[in-house]
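Inspection log for the structure reproduced underneath, given as structure tokens.
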Amino acid sequence: MTNHWIDFRNSDCILVMGSNPACNHPVSFKWIQKAIDKGGKLVCVDPRFTQTAAKSSLYAPLRSGSDIAFLGGMIKYILENNLYFEDYIRQYTNATYLVNPEFKLPGDNDGVFSGLAGTKTREGYVSGKYDRATWSFQMNDDGTAKKDLTLQDPNCAFQLLKKHFSRYTVEKVVEITGTPKDKLLAVYKSYAATGKPDKAGTILYAMGWTQHTVGVQNIRAMSIIQLLLGNMGVAGGGVNALRGEANVQGSTDHGLLFHILPGYLKTPTASMPTLADYNEKNTPKTKEPKSANWWGNTPKYSASLLRSFYGAEVPLDDAYSYLPKIDDGANYSWLTIFDKMYKGQFSGFFAWGQNPACSGANANKVRQALAKLKWMVNVNLFPNETGDFWKGPGMNPAEIDTEVFMLPCAASMEKEGSISNSGRWMQWRYKATNAPGVAMPDGEIISELFHKVRELYQKDGGPVTDPILKLTWDYGKAFDPHAVAKEINGYFLEDKEIDGKLYKKGSLVPAFKFLQADGSTSSGCWVYCGSYTADGNKSAKRGKDDPTGIGQYSNWAWAWPVNRRIIYNRASVDLSGKPYAPDKPVISWDGTAWKGDVPDGPWPPLASEADGKLPFIMKPDGVASIFGPGLADGPFPEHYEPLECPIEKNPMSPQFVNPTVKRWEKDGVPELDKRASCDPRYPIVCTTYRVSEHWQTGVMTRWTPWLLELQPEMFVEMSRELAELKGFKNGERVMVKSARGEVNAVAIVTPRFKPFTIAGQIVHEVGIPWHYGWRYPNPEKKELRSANLLTPSIGDPNTMIPESKAFMVDVIGKEVK
Amino acid sequence: MSSTVKNSSYELIDVTTPFERLVHLAFAGSCILLFISGFSLMFHSLSFITNIFGGPYVTKYVHNFSGLLFAVSGLFAVVIWFKEGAIFNADDIKWFMKGGGYLWTKEGIPPQGRFNAGQKMYFVLKAATWALMSVTGIIMWFPYFFGRELTIFSYPLHALGVASLAGAVVVHGFLGSLGNPGTIQAMITGKCTRAWAKLQHAKWLKEYDEKHGK
Amino acid sequence: MKEKIMLVDLSKCTACRSCQVACKNWNGLPAVPTINSGTYQNPPDLNAKTYTLIRFQELEARDGAMKWLFRNDKCFHCTDAGCMKACPVPGCITRTESGAVVLDSTKCIGCKYCYHACPFSVPQFDAATEKMYKCHWCHDRQAEGRIPACAKACPTGTIQFGDKDAMLALANKRVKELGGDASVYGDKHLDGTHVVYVLTEKPEVYDNLPVHPKISPLIFLWKDVLKPFSMLTFLGGLGACALYYLIKGPKRPKFEEGGEKHE
């Protein structure tokens, strides 16, 4: 989140789309309710009338997979009704930047942007890749981008935006989304009203937006809207992802994904053999005089990270050489892992605190892939579908050679440590009780494993001797979370004088501005630098005071970066540092200093000639992107249909599906990666979601009797119209089938789903939760209950996140096989 | 069978059959248990009486199962005594006009059958409340099975039965013992004295003598 | 302890079911086996092991406007409590100072009078123990100065607990804020219930919620009229017999001389 949970209460209009906070983030609803109590509006857009919709003043239905059309229409509405915050976009975004005149928009280019190389088919391009040379800005001689401050030049980003979204007329949007026209316009009107300088609108989204082949572009569309309306950096605004796991924010911060190192540094690739190459390739440069270009500090962070891994004695270049490198352009993410696993390219697998047999898209492929392993280590609280895959439905243990080890681990209340919430708050937690039996905290398990591996390396050697033996591991024989937290914060490795002050060797670094590129500092994750200092463990603070009055609570826990609660907050003030919304200021300049939140850059306001800096400090040019050339599938969002969709043509253009997605039905495992689009066998749109009572694949919650009592079984929600068509009664047991698998479910027939009219035809949609699996309860029945048995393995071209939110199914009575 | 001296006022004659005595024992016995257990549950101030049975939980069982016995034995009672107890005639009206000889006068009471008019009244009342209490009692025992409407009517109707019967049972018991010495033997030994029969049920005595050839 | 009210503001309920779980947690109640019968509501009704329940109700207006109502159902802790009126066991159902109507299941004899006497059919029977069970307003927590578990767990402020006057003032203020069909429910019924709703719809809209809850007049007839009357007739009978015996004496048969006595 750019903002945080409590900040929702400051919003004048909360748009909930692609999420259901009333149901899945119930505690957050306290803050949403406060916003409503203060006169804010709650607007809910969802294929289904959810619990959030039940509390909203405005609900609009939309077909799963049509969010860009919906949002594109809103962009058009904002632009043509002049509801945008003009000063804001002129000053703080690249709306004024002039784009390369060779650049082509999809409206003029068969539905794709200029520079696409791919195979042309009936459906448009497939397996495409963009050469982004034309997605560039016109440059001045001094290396800065050419700008038109009047926003009139037809090549400026603003006018290109207008031209691109001029195709998203109300009629076209209604045709694609199935949203009734009056509801569509009501949503646009409510939300666009936050374009006023003193009004703030916020977006709460989750997997409903990200799990699509256009997932990243969904978020981009909303980011553009937030910039047009001046909602970034302000109280009650921002782009706010509601994370689906208590510490997934922490896990991404600390680099658990293949493409990043801790602190969002990029993973080195084979074409960067030295640290210098790495820093050169990964450190952005800018000539914009007012840009802080904070990623320009990359060498400080990469050096400090290497010191954290390998200590002060190993030269930085050696340390860099020990890091594994990925092949340039290769994708090592989830879908790829299980594809390669199926093809026999993995011997072993740690399923650590996860249940891929249920959580992986196209779960049949995942389960069969597991059978190809030589060994698997299942670290979890309870037995699950992954560890016991070999005795699951359709499996013959006699034919499976995988050796499975179960390491029982501690639950969150049985260990000490921190978790980082969606609002970037690192909060320390104490241990409340001992883990049962032989269960151990993950940190201790890793620690023991590492010590054993190191011991074996010392004895027998191996392929990566130095990288293993030279690793620092100063967390104690038994894992000490405080030692790790301090390591993450970072230390001075030698006495260092900075700005006239002496920092002693071995002392904790107070903030990341003190980190050095010369190897004199260490930091396990630079964005967390400042969380554990000489003043103590900041994440354990529990101060309840809030002098700001806008719910910042800066003395409760610690937020990265540097306890800044709302990031990009320099965009909440005008050029002289006066807040646009005086009744809910985030920061304000009193003439000599900033008051309020930690300013997003300590420099004086922009109006102060020499010293002022632009607000979007993590972007090279200091401004936010209206035109965003850095993504794989386009500088503007464009509506494409999901991989599996109910209609034959994309009403918006001749390009059916996102041209840059990897098509697993060709490159994966054809018999398992089946696709069925506009297929009469699977005429119903299906989406997946959660319930309050279960969590993820239910490995913990299905084993909790009070929760299972509340939501005992897999179900499928459908409209009354569809039930009547199929002859289903409420509570009847049915089966949901896709091209890839089938699941048993109880039919919940409800008026909260209604049929859509898409491109002139009636389209039905159903929804299923993904919390269930055969392993519990009733393992002996070996029932097919996991939603992901149905979902396709196709991912967003930027993140490879699977498209679990829109695919095609049929629903049949149990008796029919 | 007679004993002592034939035709003397002391002669003991059979007035009830063993079966009648058994039915009455069951019916009256269960009725008394029902009253004791019922009152102990009806009035919080009388709750201490449940200690006789071993507490209120057991008392409810005593009440319910006594009620079953009451219902079954009552059926027999109503059947075997229907002819004598439910059919009124002119003599009964005269009996009432004379207060049964209990109140304002002792003279001129028309000779009574085995059940005098008052006893007939009691029979009718008892039969009616037996039916009422048995039915409402079963409904109150299974309130979920019978549902809200039936049950919620049963509660006051059951209490109405108590109200109707409570005084009457006391009077019946009194008149059957202290009030009319010689009566209770009829329901214990099954015999009564000729003198008693002559005073209380002269018409029946006449029929008895005729039957036994006297 | 002052008289309290639990204010349940249905406009804020999101049906997260924290209340259901917190109640089971505090009271050590087990889960009961359930199936999905076509609704999120589970268990389907209150039972001997489920003292509070969120009821789900879908409502479609004629103009197509959709509503999904969530109602936290539990004992209302009435001032004029039907259960207390009907219970035959002294000390089994009692009232605390704060207004809780506490059913001490250990004293219960399982007669089930309370079930139909309750205008809301709240008390639940357990065939295994033959006793009735219901929400006891966490009177044990209240005795320690804490609020009921459901109120403590509720994340959105739907369930609040406080002094009677303050809660009623809050309820009325909230109804004013909401406008439309919103109303306060409970304060005017049964001499005032201690669980009071802010309803967003008219009372008749809600499933299983009586519009004018009252103890059936038949219960009144039973307990307040016929019960004392039956004591009256009983004592009357006793008195009449005693009086008769004292005044008139027994009616003895005449034993004549002249008959031979057996020797």
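Chains as they are written, first to last, in this note's numbering: chain A, 1 to 817; chain B, 818 to 1031; chain C, 1032 to 1294.
No residue lacks a Cβ here, since even glycine has one placed at the ideal position from N, Cα and C.
By the three-class DSSP mapping on this structure, what secondary structure does residue i have?
{"i": "Val187/A", "result": "helix"}
{"i": "Arg1048/C", "result": "coil"}
{"i": "Ala371/A", "result": "coil"}
{"i": "Thr134/A", "result": "helix"}
{"i": "Ser1033/B", "result": "Outside the displayed range of chain B (818 to 1031) lies residue 1033/B, so it cannot be described from this structure."}
{"i": "Pro262/A", "result": "helix"}
{"i": "Thr179/A", "result": "coil"}
{"i": "Val816/A", "result": "With a pLDDT of 45 at Val816/A, under the threshold of 50, the modelled position of that residue is not reliable, and no figure is offered here."}
{"i": "Gly215/A", "result": "helix"}
{"i": "Thr521/A", "result": "strand"}
{"i": "Cys1114/C", "result": "helix"}
{"i": "Thr121/A", "result": "strand"}
{"i": "Lys1292/C", "result": "Here Lys1292/C scores only 48 on pLDDT, less than 50, and its place in the model should not be relied on; the value that follows carries that caveat. Here Lys1292/C sits in coil by DSSP."}
{"i": "Glu1235/C", "result": "helix"}
{"i": "Leu643/A", "result": "coil"}
How close, in whole Å, do the beta carbons of residue i and residue j come, if the pair is a contact with beta carbons under 8 Å?
{"i": "Gln655/A", "j": "Asp110/A", "result": "6 Å"}
{"i": "Lys666/A", "j": "Val734/A", "result": "Incorrect: roughly 32 Å between the Cβ atoms, too far for contact."}
{"i": "Ile830/B", "j": "Lys1008/B", "result": "6 Å"}
{"i": "Tyr689/A", "j": "Gly577/A", "result": "In fact, because the Cβ distance is near 43 Å, the residues do not count as touching under 8 Å."}
{"i": "Leu643/A", "j": "Ser588/A", "result": "Their Cβ separation, rounded to whole angstroms, is 48 Å, which puts Leu643/A and Ser588/A out of contact at 8 Å."}
{"i": "Asp1218/C", "j": "Val1227/C", "result": "5 Å"}
{"i": "Ile75/A", "j": "Tyr168/A", "result": "7 Å"}
Take residue i as the anchor and find which of the options has the nearest alpha-carbon.
{"i": "Arg564/A", "options": "Ala571/A, Asp574/A, Leu575/A and Gln552/A", "result": "Gln552/A"}
{"i": "Lys285/A", "options": "Pro620/A, Glu644/A, Val763/A and Thr177/A", "result": "Pro620/A"}
{"i": "Asp1255/C", "options": "Gly1113/C, Val1206/C, Cys1185/C and Met1198/C", "result": "Gly1113/C"}
{"i": "Pro262/A", "options": "Met718/A, Arg752/A and Cys525/A", "result": "Cys525/A"}
{"i": "Leu1230/C", "options": "Asp1157/C, Phe1286/C, Arg1102/C and Tyr1164/C", "result": "Arg1102/C"}
{"i": "Ala929/B", "options": "Gly902/B, Trp921/B and Cys848/B", "result": "Checking the sequence, you will find Gln at residue 929/B rather than Ala. Measuring from the Cα of Gln929/B, the nearest candidate turns out to be Gly902/B."}
{"i": "Ala432/A", "options": "His482/A, Gly423/A and Gly417/A", "result": "Gly417/A"}
{"i": "Tyr1276/C", "options": "Asn997/B, Phe913/B and Phe962/B", "result": "Asn997/B"}
{"i": "Asn247/A", "options": "Gly353/A, Val187/A and Asp277/A", "result": "Gly353/A"}
{"i": "Arg1086/C", "options": "Gly1059/C, Cys1050/C, Lys1080/C and Ala1079/C", "result": "Cys1050/C"}
{"i": "Thr52/A", "options": "Lys1285/C, Leu1090/C, Ala1117/C and Lys1098/C", "result": "Lys1098/C"}
{"i": "Gly423/A", "options": "Asp474/A, Ile567/A, Asp546/A and Ser19/A", "result": "Ile567/A"}
{"i": "Pro324/A", "options": "Pro467/A, Val379/A, Glu280/A and Glu385/A", "result": "Pro467/A"}
Thinking C-beta only, is residue j closer than 9 Å to residue i?
{"i": "Gln91/A", "j": "Leu606/A", "result": "yes"}
{"i": "Ser890/B", "j": "Ala945/B", "result": "no"}
{"i": "Ala312/A", "j": "Pro637/A", "result": "no"}
{"i": "Ile617/A", "j": "Thr177/A", "result": "no"}
{"i": "Glu1161/C", "j": "Ile1140/C", "result": "yes"}
{"i": "Ser793/A", "j": "Asp277/A", "result": "no"}
{"i": "Ala1148/C", "j": "Cys1054/C", "result": "no"}
{"i": "Thr283/A", "j": "Pro299/A", "result": "yes"}
{"i": "Trp135/A", "j": "Ser166/A", "result": "no"}
{"i": "Thr533/A", "j": "Ala303/A", "result": "no"}
Consider the C-beta atom of residue i and the heavy atoms of the ligand PLP; say whether any pair is separated by less than 8 Å.
{"i": "Gly698/A", "result": "Of ligands this structure carries none, so the ligand PLP is not represented either."}
Residues of the stretch 1049 to 1063 of chain C with Cβ closer than 8 Å to any Cβ of chain A, in chain order: Ser1049, Gln1051, Val1052, Lys1055, Asn1056, Pro1061, Ala1062 and Val1063
Report the residues of the stretch 24 to 37 of chain A with a CB closer than 7 Å to any CB of chain C, ordered along the chain. Pro26, Val27, Phe29, Lys30 and Gln33
Taking any Cβ of chain B, which residues in the stretch 1141 to 1155 of chain C have a Cβ under 9 Å from it, in chain order? Considering only beta carbons, the part of the stretch 1141 to 1155 of chain C lying closer than 9 Å to chain B consists of Gly1141, Cys1142, Lys1143, Tyr1144, Tyr1146, His1147, Ala1148 and Ser1152, in chain order.
Residues within the stretch 930 to 941 of chain B neighbouring chain C, beta-carbon criterion of under 8 Å: none
Contacting positions in the stretch 708 to 733 of chain A - beta carbon closer than 9 Å to chain C: For the stretch 708 to 733 of chain A, which is checked against every Cβ of chain C, the residues closer than 9 Å are Leu708, Glu709, Leu710, Gln711, Pro712, Glu713, Met714, Phe715, Lys729, Asn730, Gly731 and Glu732.
Using a Cβ-Cβ cut-off of less than 9 Å, give me the residues of the stretch 1036 to 1048 of chain C that come near chain A, in sequence order. Residues of the stretch 1036 to 1048 of chain C with a C-beta atom less than 9 Å from some C-beta of chain A are Ser1042, Lys1043, Cys1044, Thr1045, Ala1046, Cys1047 and Arg1048, listed in chain order.
Contact set between the stretch 741 to 753 of chain A and chain C, restricted to residues whose Cβ is under 8 Å from the partner: Val746, Ala747, Ile748, Val749, Thr750, Pro751 and Arg752
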